[in-house]
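Number of protein chains: 2
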Amino acid sequence: LNVEDLNRAAAQLQASHPPAIANTLEAFPWERRLQIWQLLAPQTKGAVLIELYEEVQDGLIAESVPDDLVKAVSGLDIDDLADLYKRLPKEVRTAVLQTMDEQRRQRFEAVSRYPNNTAGGLMDVDAIAVRGDATLDAVLRYLRRTRRQQGELPEHMDAVIVVDRASQYMGILSLSDLVSLAENRIVSEVMNTEIKPIPAMTSAKKVARLFEDYDLLSAPVVDEDGKLIGRITVDDVVDVIREEADHTLMSTAGLEEESDMFAPIIPSAKRRAIWLGVNLVNAFIAAWVIGQFENSIEQLVALAVLMPIVASMGGIAGTQTLTLVTRGIALDQVGPSNIGRVLRKELGVISVNALLFALTVAAMGIIWYQNINLGLVFASALTINLLNGAMAGTIIPFALHKLGIDPALAGGVVLMATTDVLGFFTFLGLATFFLL
Amino acid sequence: LNVEDLNRAAAQLQASHPPAIANTLEAFPWERRLQIWQLLAPQTKGAVLIELYEEVQDGLIAESVPDDLVKAVSGLDIDDLADLYKRLPKEVRTAVLQTMDEQRRQRFEAVSRYPNNTAGGLMDVDAIAVRGDATLDAVLRYLRRTRRQQGELPEHMDAVIVVDRASQYMGILSLSDLVSLAENRIVSEVMNTEIKPIPAMTSAKKVARLFEDYDLLSAPVVDEDGKLIGRITVDDVVDVIREEADHTLMSTAGLEEESDMFAPIIPSAKRRAIWLGVNLVNAFIAAWVIGQFENSIEQLVALAVLMPIVASMGGIAGTQTLTLVTRGIALDQVGPSNIGRVLRKELGVISVNALLFALTVAAMGIIWYQNINLGLVFASALTINLLNGAMAGTIIPFALHKLGIDPALAGGVVLMATTDVLGFFTFLGLATFFLL
Chain E
1 LNVEDLNRAA AQLQASHPPA IANTLEAFPW ERRLQIWQLL APQTKGAVLI ELYEEVQDGL
61 IAESVPDDLV KAVSGLDIDD LADLYKRLPK EVRTAVLQTM DEQRRQRFEA VSRYPNNTAG
121 GLMDVDAIAV RGDATLDAVL RYLRRTRRQQ GELPEHMDAV IVVDRASQYM GILSLSDLVS
181 LAENRIVSEV MNTEIKPIPA MTSAKKVARL FEDYDLLSAP VVDEDGKLIG RITVDDVVDV
241 IREEADHTLM STAGLEEESD MFAPIIPSAK RRAIWLGVNL VNAFIAAWVI GQFENSIEQL
301 VALAVLMPIV ASMGGIAGTQ TLTLVTRGIA LDQVGPSNIG RVLRKELGVI SVNALLFALT
361 VAAMGIIWYQ NINLGLVFAS ALTINLLNGA MAGTIIPFAL HKLGIDPALA GGVVLMATTD
421 VLGFFTFLGL ATFFLL
Chain A
1 LNVEDLNRAA AQLQASHPPA IANTLEAFPW ERRLQIWQLL APQTKGAVLI ELYEEVQDGL
61 IAESVPDDLV KAVSGLDIDD LADLYKRLPK EVRTAVLQTM DEQRRQRFEA VSRYPNNTAG
121 GLMDVDAIAV RGDATLDAVL RYLRRTRRQQ GELPEHMDAV IVVDRASQYM GILSLSDLVS
181 LAENRIVSEV MNTEIKPIPA MTSAKKVARL FEDYDLLSAP VVDEDGKLIG RITVDDVVDV
241 IREEADHTLM STAGLEEESD MFAPIIPSAK RRAIWLGVNL VNAFIAAWVI GQFENSIEQL
301 VALAVLMPIV ASMGGIAGTQ TLTLVTRGIA LDQVGPSNIG RVLRKELGVI SVNALLFALT
361 VAAMGIIWYQ NINLGLVFAS ALTINLLNGA MAGTIIPFAL HKLGIDPALA GGVVLMATTD
421 VLGFFTFLGL ATFFLL
C-alpha cells in the first residue's frame, strides 16, 4: 500500500459505519491493520474497537498511544465502555475515570458492578423513569424538558419505565401508547404491567431467551430489592445471540469465538495444540486397541483395509445424534424425563439405516474379498458401531451437561474417541473370533 | 398421562406463553404432543404453531380438524400467516382467505408476493406513514385518531415512516423525537434520513446484518420503485439470526434446522441415510487407498496400527482451519484478496504444531516398535497430513463458496475425505518406499 492508496482507503473508511470498518480491519493481516488504524479519527477508533473480536481489540490497544486511547473510549456508551474497560492499560483506565463527570462515573460504577454476561452487565443506566400517578401530558412535558436540557434522549427508547416513590418498578409505558392515548390519562392506568422486570444477575443467555419469547424491544432491570437500575435494549441482545451462536460453532472445533483470523502464529499454535493433543491421546488409545489385534491383521490384511470404515461410519452416525441432542439440551428440550425416549427414537432411526448399510457393506466386502464370512463380520461390526454411535451421541452430551461441561465443546471429541475405540474393537474382535 | 394429569397440564399450559408451550410440545414424543395439542384453545394453537419447527408444524396440521385450523390461524399477524400459509391444507387456505376483510387480504397478498427469506417476506404491512410537510402536532393528532378508530396501533412501533405525496420513502420519525421535540416542528426537518430503505428482495441474511450493524429497531421496506410497502421490526430479525445460526450448526452434521427431535423413524432415517451414504463412499475410497498397500501392511503390521492416527490428526487440524475460514466467509472477511494470506497464516500455525507433534509421535513410534525409521516415517507423514489439513481447511470452504455450495454443509465431508485419503496414502506410501 503506498501513501496515496492509504489516504484514499482512509477517506473511504472514515465515511464507513464503524461495524463495517471493524469487519474490514479483521479481514486484513496485522501490518495493514495498524496502518489503517492509525488513520482513523479518535472517536471512530472507539466505536470500531467495541465491534472487534477481543483478540483484535487487545492487539490494537497494545499498539495505541495512551492519550489516543483515552480520546477513543471517553465518548463510548457506558455499557460499551464497561465491556472494554478491563482490557485497557492501567494508566488509560485512570485517565478515563478522571474525564468522567459525577453522573457518568456513578452510572459507570453501576454497570461495572455486574459481570459482562449478566443482565446488569448488558444494561444501559440511562433509563427514563416516570411516576405512576403522573398524567400522560405531564410525561410529555417532562420528556420535552429533558430533551431541551440534555440535547437528546437515551438511544433506542421505545418506552419509559414507571416507578413508585421508592424507585420500585411498577410497569412500562410504551411511547406508542404515550403518543396515541388521551393526554389526561393517568400513567398507572395505561401502563403495561405484563413485562416482568429482569433481576440484574440473570444470565445474558436467559435475557436473550426472554427477549425472543416475548418479542421485547427493551426491558427494565432491577436490583435485588426490586429497585429500577437500568434497561436492556434489544440491540445488545442481538449481539448476545450472535455471540452465543458463534461460541457454539467455534467450540465444536475447539476454537474460541473471539479468535482473530490473523492472530500471531505462536499464540494461535499454542491454543490449537491443546485440541490436537487431546485428539492425539484419543488416537493413540484407538491405535492401542488395533495393536491388540496385530496377529489377526497379519493373518488377514483385509481387516486393516476395512476397519476405518467401521470406525468412521459410527462417528458420522454419532455426530448426527450428538448435534440434535446438544441442540435439545440448549433449548431445555432434553432432560432426565425424556432422555430415554430420545435414545429409543435415535436407536430406532439408526436401526433402519444400519439394516440398509449393513447389507451394502456386506455386499461390497464379499465382492471385494470373495469372502462371505468377512462380509458378514464387516456388516455386523458396522451395525454394532452405528448403534453405538447413536447411543454415545445421546448419552455423552446429556452426561457432559450434567457434569457442568459444555457439550458443544467436549461432545465431539469424546464421541469420536468412543466410536473409534469401539469400532476397531468390535470389528477386529469379531473377526478374530469368527474368521481366524 | 391420566385425565387428571392432562387437565392439570392443560391448565398450566394455557397460562403459559406460546413460545414456552411450543418448546414443551417439541420436548414430548408424538402421542403426548397430540394429547396436549387437543387441549389448547384455537387462538393459542395459532400462536404456538408459528413457534414450532416446520416438521412439527406439519405433523400437528395433519392431525388437526380443518375448522379448528381456520380458527387457529385467522387471528395471526399477516407476516406469520404468510409463513404458515403454504403448509396448510387447500381447504383451510380457501377458508382462511374467505375470513379476511378487504384490507387484510390486500396486506396478505402484498407479503405473499415475496419469498419468506427476503425483506418482503419478513415485513409487516401495517406501517404508519406520515407526510413530510406535516407538523409534529398533526402527527400526534393523527396517531390519537387512528388509535381511537382502530383500537390499537401496530405492534412494536418505535417510529413512523415519512413519505411524500407519491408514497416515496423520505425518512423516519422516531417516536422518541416525536414526544420530545416542539410540537410546531415540521416532520421533514426533524426526520432521520440516514436510515436507508430496504428493497423488498434483499435477503433476510443481509437484513439481519443491517439491523446488527446499525442497531435498528425497525426499518422501512420499499418496492422496486422506492414506494414504501412495509416495515421490518427487530423481533422478526432476531428470529432470522437464531435460525441462521441453527442452520449452520445443524448443517455441519448434515441435518436440517427444522428437524423435529421426535420425527417419525422412517422419514428421519431416510434423510440421515443420504449423509451416511456420502460418508460411506468417502470411507470406501480411503479403504481402497489402504488396499493398494496390503503387501506393505502384511510385512509391517505396525502400519495398520499407526495409520488412523495420521489420518485423524489431519482431520482435526483441518476442521479447525475449516471452521475459522467458514466463519470468515460468512462475515465477508475471507475472499480472493486475502485467501493467500489466510493460507500462509494457517500453514504457519500448523507448522509450529507439526514440529511439536512430529517429535511426539516419532518418540512414541520408536518406543512402541523399537524402530527408528518407522518413527521417522510416522512423524513425516503426520507433518505432511497436518499441512494438508490446514491447506484443505482453507481452500475447500473457499472453493465451495465460489461454486455456490454452502461450506457449512459440505465442507466437513469433503475435508475428511481429503485428510483420510491423503493421510493413508502419505503414511503407507512413505513406509513402502523407505521401510520395505
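Here the protein sequences line up with chains E and A, keeping their order.
Be aware that the first sequence starts at 1, since it is given in the numbering used here, and climbs by one per residue.
Be aware that the second sequence starts at 1, since it is given in the numbering used here, and climbs by one per residue.
Every residue gets a Cβ at the ideal spot worked out from N, C-alpha and C, and that includes glycine.
Pick from the options that is closest to residue i, judged by C-alpha positions
i                      : options                       : result
residue 18 of chain E  : E:50, E:32 and E:311          : E:50
residue 339 of chain A : A:102, A:331 and A:395        : A:395
residue 309 of chain E : E:288, E:373 and E:419        : E:419
residue 194 of chain A : A:204, A:170, A:182 and A:178 : A:170
residue 156 of chain E : E:216, E:106 and E:108        : E:216
residue 72 of chain E  : E:248, E:39, E:129 and E:196  : E:39
residue 326 of chain E : A:150, A:269, A:255 and A:265 : A:255
residue 276 of chain E : A:252, A:249, A:311 and A:277 : A:311
residue 8 of chain A   : A:334, A:124, A:36 and A:27   : A:36
residue 28 of chain A  : A:362, A:14 and A:260         : A:260
residue 189 of chain A : A:196, A:298, A:172 and A:199 : A:172
residue 320 of chain E : E:335, E:302 and E:349        : E:349
residue 300 of chain E : E:429, E:110, E:150 and E:122 : E:429
residue 317 of chain E : E:174, E:386, E:117 and E:138 : E:386
residue 124 of chain E : E:61, E:23 and E:218          : E:218
residue 117 of chain A : A:93, A:59 and A:243          : A:243
residue 59 of chain E  : E:33, E:68 and E:278          : E:33
residue 268 of chain A : A:411, A:55 and A:10          : A:55
residue 112 of chain A : A:379, A:210, A:383 and A:77  : A:77
residue 47 of chain E  : E:270, E:65, E:138 and E:22   : E:22
residue 252 of chain A : A:57, A:199, A:360 and A:414  : A:414
residue 139 of chain A : E:90, E:180 and E:236         : E:180
Per DSSP, the bridge partner or partners of residue i
i                      : result
residue 159 of chain A : A:174
residue 142 of chain E : In the DSSP output, where bridge partners are listed per residue, residue 142 of chain E has none listed.
residue 199 of chain A : A:222
residue 129 of chain E : E:161
residue 230 of chain E : E:221
residue 169 of chain A : A:163
residue 186 of chain E : E:135
residue 118 of chain A : A:203
residue 124 of chain E : E:231
residue 192 of chain E : E:172
Buried/exposed call for residue i, threshold 16 Cβ in 10 Å
i                      : result
residue 106 of chain A : exposed
residue 63 of chain E  : exposed
residue 75 of chain E  : exposed
residue 192 of chain A : exposed
residue 296 of chain A : buried
residue 332 of chain E : exposed
residue 203 of chain A : exposed
residue 373 of chain A : exposed
residue 4 of chain E   : exposed
residue 436 of chain A : exposed
residue 433 of chain A : exposed
residue 99 of chain A  : exposed
residue 57 of chain A  : buried
Neighbour flag for residue i against chain D, beta carbons, 7 angstroms
i                      : result
residue 422 of chain A : Here the protein chains are E and A, and chain D is not one of them.
Give, in chain order, every residue of the region 277-300 of chain A whose Cβ lies closer than 7 angstroms to some Cβ of chain E. For the region 277-300 of chain A, which is checked against every Cβ of chain E, the residues closer than 7 angstroms are 279, 280, 283, 284, 286, 287, 290, 291, 294, 297 and 298.
Just list the alpha helix (DSSP H) runs in the region 21-90 of chain E, keeping only unbroken ones of 4 residues or longer that don't cross its boundaries, in chain order. With a minimum length of 4 residues, the continuous alpha helix (DSSP H) runs that stay inside the region 21-90 of chain E are 30-39, 42-49, 54-63, 66-74 and 78-85.
Can you list, in chain order, the stretches of the alpha helix (DSSP H) that have 4 or more residues and sit fully within the region 242-291 of chain A? If we require 4 residues or more, the alpha helix (DSSP H) runs fully inside the region 242-291 of chain A come out as 265-291.
Selection of the region 16-35 of chain E by Cβ proximity to chain A, strictly under 8 angstroms: Correct list: 17, 19, 20, 23, 26, 27, 28 and 29.
Below 9 angstroms between beta carbons is the criterion; list the residues of the region 243-254 of chain A that meet it against any residue of chain E, in chain order. Answer set for the region 243-254 of chain A: 244, 245, 246, 248, 249, 250, 252, 253 and 254.
Compile a chain-ordered list of the residues in the region 255-266 of chain A whose CB is closer than 7 angstroms to at least one CB of chain E. Within the region 255-266 of chain A, 255, 259, 261, 262, 265 and 266 place their CB atoms closer than 7 angstroms to a CB of chain E, listed in sequence order.
Report the start-end ranges of each alpha helix (DSSP H) in the region 284-362 of chain E that is 4 residues or longer and not cut off at the edges. Runs of the alpha helix (DSSP H) inside the region 284-362 of chain E: 294-299 and 302-330.
If you measure beta-carbon to beta-carbon, which residues of the region 201-212 of chain E are closer than 8 angstroms to chain A? Correct list: 211 and 212.
Taking beta-carbon pairs under 9 angstroms, can you tell me which members of the region 93-126 of chain A lie near chain E? Sequence-ordered contacts of the region 93-126 of chain A with chain E are nonexistent [C-beta pairs closer than 9 angstroms].
Give me the subset of the region 324-343 of chain A whose CB atoms are less than 9 angstroms from a CB atom of chain E, sorted by chain position. From the region 324-343 of chain A, only 324, 325, 326, 327, 328, 331, 332, 333, 334, 335, 337, 338, 341 and 342 have a Cβ closer than 9 angstroms to chain E.
Inside the region 363-405 of chain A only - alpha helix (DSSP H) runs reaching at least 4 residues: Look at the region 363-405 of chain A and you find these whole runs of alpha helix (DSSP H), each 4 residues long or longer: 372-402.
Mind checking the region 174-187 of chain E against chain A and listing, in chain order, the residues whose C-beta falls within less than 9 angstroms of any C-beta there? Residues of the region 174-187 of chain E whose Cβ lies closer than 9 angstroms to any Cβ of chain A, in chain order: 174, 175, 176, 177, 178, 179, 180, 181, 182 and 183.
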